[in-house]
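Data block below; observations after.
Number of protein chains: 2
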Amino acid sequence: MMKNVLVLMPVEARHKAKLEAAGAGCRITYCSPAEVTADEIQSANAILGQPDAAMIGASENLEWLQLESAGADAYIRPGVLSAKTVLTNATAAYSKAVAEHAFALTLMLQKKLYLYRDEQKRAVWSDHGVVSSLSDCTVAVVGLGDIGRHYARLVKAMGARVIGVKRRAADPPPCVDELVMTRDLDTVFPEADVVMSVLPGSAATRHIYTDESFDRMKDTALFINCGRGSAVASDVLYRALSGHKIAAAAMDVAEIEPLPADSPLWALENLVITPHISGGFHLPETFERIVDIAANNLAAYAEGRELHNVVDFATGYKK
Amino acid sequence: MMKNVLVLMPVEARHKAKLEAAGAGCRITYCSPAEVTADEIQSANAILGQPDAAMIGASENLEWLQLESAGADAYIRPGVLSAKTVLTNATAAYSKAVAEHAFALTLMLQKKLYLYRDEQKRAVWSDHGVVSSLSDCTVAVVGLGDIGRHYARLVKAMGARVIGVKRRAADPPPCVDELVMTRDLDTVFPEADVVMSVLPGSAATRHIYTDESFDRMKDTALFINCGRGSAVASDVLYRALSGHKIAAAAMDVAEIEPLPADSPLWALENLVITPHISGGFHLPETFERIVDIAANNLAAYAEGRELHNVVDFATGYKK
């Protein structure tokens, strides 16, 4: 039977040509997520894009959902997808964009550029003292997926010692000097000069950073969160920074997004906030890479081969 | 005759031990630049540090002046040093600190982190659109001394194409894809996504960037000045940025320092200002490297060998 493939991504003609070549033998239809109907979603055997999770309702027809995002939190919740649906993400498409953003934030904190920007607004030319170099730093990369490994390569190129933190034992990739299991995360805090977190959102990663985590970190440490805001409660982060348990932090994600206008986090001098823009389509090549991932998987789906980037529901990561 | 070596650097016991081992046979005295007398300077055969240029008065006793800075502008002016004085600088000591600062500024501009910092101050969570990656950029490094080459290595590690601009023809170093002579600087502007300038201060580099330079640049270009403020007149830079001839700029140096409180540059949204702090002793290892350079040269001086890091009075660079 001919498979119904529903494409909800903002594709242009050249992307359609790529998908249609990959999905020969499938019935491919295109729609925007805003205009798609419940019927269209319910009759789809495969969806490429991000439908409203509530509209899927564990459809038994849905064999495969290819997300355009890295995070899959909205789709791994109970009741969204049927047990027969294979979920794939597009993490690799974002690895460069998110890793480079996290790297830029790291250097901005390390070189105190946020303080100098604030001083500039007051027309003040004044020295804020010593800075450090990544070449003298131990950097903990918490979450060693595509993004974490790309970031590890960047800090490694500047001479950092890298501790990779991941859930399962494995040989460390070349950009990682030492591998620590997530269950031993606490042991990393006392020796890290930079803690960069790109954990996916899941029950296991929710509030993984606690008051005690920040107590254990160096008072000179920098903390960067470019994964999910749920990894650290806003009040925990606020206490760590206002109490100077660590030197400074940057976050591209918040526990509640958009960060509420009355959040005390906004006013912290030693916190840099960006509005969840490290990924998305902010780096133009990202969308091209997403379409490539989707097209490769569509070819595999059409031919009955195994899909890539399958999400593990327990971790929110690709398997 | 025993040589008088006057040390004006803020040395500690371990540095003194290093200098005394290197300068065996010399009479070494220590003083702070604030307390040193004209007599002490006039009787010195060698000075390590930065005396007030006016106090040197072209002393005929002075055979060698080892600066602790990279820039030598104050000492290459006519009448400061006698023709017999060899001037050496400490550029290499700063290359990591200044190059990393320039690199951090580059990423801050490229990822629009200055805009997000400004928005944060207003508690605004809003998207400022696309960013770029160094992997898609051509970066012109204007001034290929130690600092320029170190910066070139950093942007190259992120995938940039690097055009090095230098005064004299030579084989390009490995971190540089293409070499252009300074006299052809204009040809570089139309193709550069980033122009990073670390030119020393001299008559030849004064106001080297003109209105026409910025006219020739891409309107998406980023300009970073971590060399000397004299390379670009404040009003030229103001016109380039307020007129959006280029996208954004960052400067660690100003034509007049401190930048006057009434300068219109302070208020430009698309200009990031840091107060000449990329070098100095902001990276703690810098001073250690300066003492090493001074000690190596002191050993050469004591033994009558040739000195390293000799400054060319025509360029302000080391030869």
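Protein chains in written order, with our numbering: chain Z, 8 to 326; chain L, 8 to 326.
We treat Cβ as the ideally placed atom computed from N, Cα and C, and that holds for glycine.
As the structure is a prediction and not an experimental result, all values here were calculated from the model.
Got a sec: which bits of the stretch 275-299 of chain L sit with their beta carbon under 7 angstroms from any beta carbon on chain Z, in order along the chain? V279, I280, T281, P282, I284, H289, L290, P291
Could you say which of L314(Z), G323(Z), P291(Z) lies nearest to G136(L) if we only look at CA atoms? P291(Z)
Give the secondary structure of L94(Z) by DSSP, where H, G and I count as helix, E and B as strand, and everything else as coil. strand
Cross-strand partners of F230(L) (DSSP beta bridge): V202(L), A256(L)
Rounded to the nearest angstrom, what separates G152(L) and L266(Z) at their Cα positions? 45 angstroms
Cα-Cα separation, I170(L) to E42(Z): 48 angstroms
Is E107(L) close to chain Z? Criterion is C-beta to C-beta, closer than 8 angstroms. yes
Return no unless some Cβ of chain L is closer than 8 angstroms to the Cβ of F230(Z). no
At the 8 angstroms Cβ level, is K225(L) part of the contact set with chain Z, yes or no? no
Just checking: is the beta-carbon of R175(L) within a distance shorter than 8 angstroms of some beta-carbon in chain Z? no
I253(Z) and A238(Z) - do their beta-carbons sit closer together than 8 angstroms? no
For L244(L), the nearest candidate out of A28(L), A210(L), I280(L) (CA to CA): I280(L)
Backbone CA spacing between M9(L) and D191(L) [nearest angstrom]: 49 angstroms
For M188(L), is the classification buried or exposed, using 16 other Cβ atoms within 10 angstroms of its Cβ as the cut-off for buried? exposed
Between the stretch 66-85 of chain Z and chain L, which residues of the former have CB atoms less than 7 angstroms from a CB of the latter, in chain order? none
Closer than 8 angstroms at the beta carbon, the chain L residues around M115(Z): A111, L114, M115, L120
Counting pairs of Cβ atoms below 8 angstroms between the stretch 203-218 of chain L and the stretch 70-80 of chain L, do you hit three or more? yes
What residue range is occupied by the uninterrupted alpha helix (DSSP H) comprising T293(Z)? 292-309
In chain Z, what lies closer than 7 angstroms to P181(L) by C-beta? Within chain Z, no residue comes near P181(L); the closest Cβ sits about 14 angstroms away, beyond 7 angstroms.
Around the C-beta of D259(Z), are 16 or more other C-beta atoms found within 10 angstroms, so that it is buried, or is it exposed? buried
Using only the alpha-carbon positions, how far apart do P17(L) and A60(L) sit? 18 angstroms
For W273(L), name the three-state secondary structure that DSSP assigns. helix
Could you tell me which chain L residues have their CB closer than 9 angstroms to the CB of S209(Z), listed as they occur along the chain? Going along chain L, no residue has its Cβ under 9 angstroms from S209(Z), so there is no contact; the nearest lies around 24 angstroms.
With DSSP as the reference, please indicate the residues paired to Q73(Z) in a beta bridge. L55(Z), T95(Z)
If you run the structure through DSSP and keep just helix, strand and coil, what is M16(Z)? coil
Which residues of chain Z have a Cβ atom closer than 8 angstroms to the Cβ of Y327(L), listed in chain order? The requested residue 327(L) does not occur in the structure, where chain L is confined to residues 8 to 326.
Exposed or buried, which one is T322(L) when buried takes at least 16 other CB atoms within 10 Å? buried
Using 10 angstroms around the beta-carbon of P197(Z), count the other beta-carbons present and answer buried if the total reaches 16, otherwise exposed. exposed
The alpha helix (DSSP H) with L244(Z) in it runs from where to where? 241-249
Find out if the Cβ-Cβ distance for the pair I54(Z), V87(Z) is shorter than 8 angstroms. no
Cβ closer than 7 angstroms: which chain Z residues qualify as neighbours of A367(L)? One cannot answer for residue 367(L) here, as it falls past the ends of chain L, which runs 8 to 326.
When you compare the CB positions of S204(Z) and G234(Z), do they come within less than 8 angstroms of one another, or not? yes
Verify the CB distance criterion: does M62(L) have a CB-CB separation below 8 angstroms to chain Z? no
For G150(Z), count neighbouring C-beta atoms within 10 Å of its own C-beta (all shown protein chains included) and say buried if the count is 16 or more, exposed if not. buried
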